[in-house]
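Following: one structure in structure tokens, then a few remarks.
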Amino acid sequence: MIETAKKNKWNLQAYLKLLFEKLPHAKSEKDLRALLPYNLPRP
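Residues in the sequence shown are numbered from 97 upward in steps of one, following our numbering.
See below:
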């Protein structure tokens, strides 16, 4: 996921912060897919 975040021009610290905030609330595969870097709006 880190490499994908880099390729999608994410600030890695911002992406990891967002990921760790939202990951505990993911209940399904759809929720997890929504957390992939290319599915999220950049901050």
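Note that the Cβ used here is the ideal one computed from N, Cα and C, for glycine as well.
Does the Cβ-Cβ distance between residue i and residue j come in under 8 Å?
i    : j    : result
L114 : L132 : no
W106 : R138 : yes
Would you call residue i buried or exposed, if buried means 16 or more other Cβ atoms sit within 10 Å of its Cβ?
i    : result
A110 : exposed
Give me the Cα-Cα distance between residue i and residue j, rounded to the nearest whole angstrom.
i    : j    : result
E117 : Y134 : 17 Å
W104 : M97  : One point to set straight first is that residue 104 is Asn, not Trp, in the sequence displayed. So the alpha carbons of these two residues sit roughly 10 Å apart.
H121 : T100 : 21 Å
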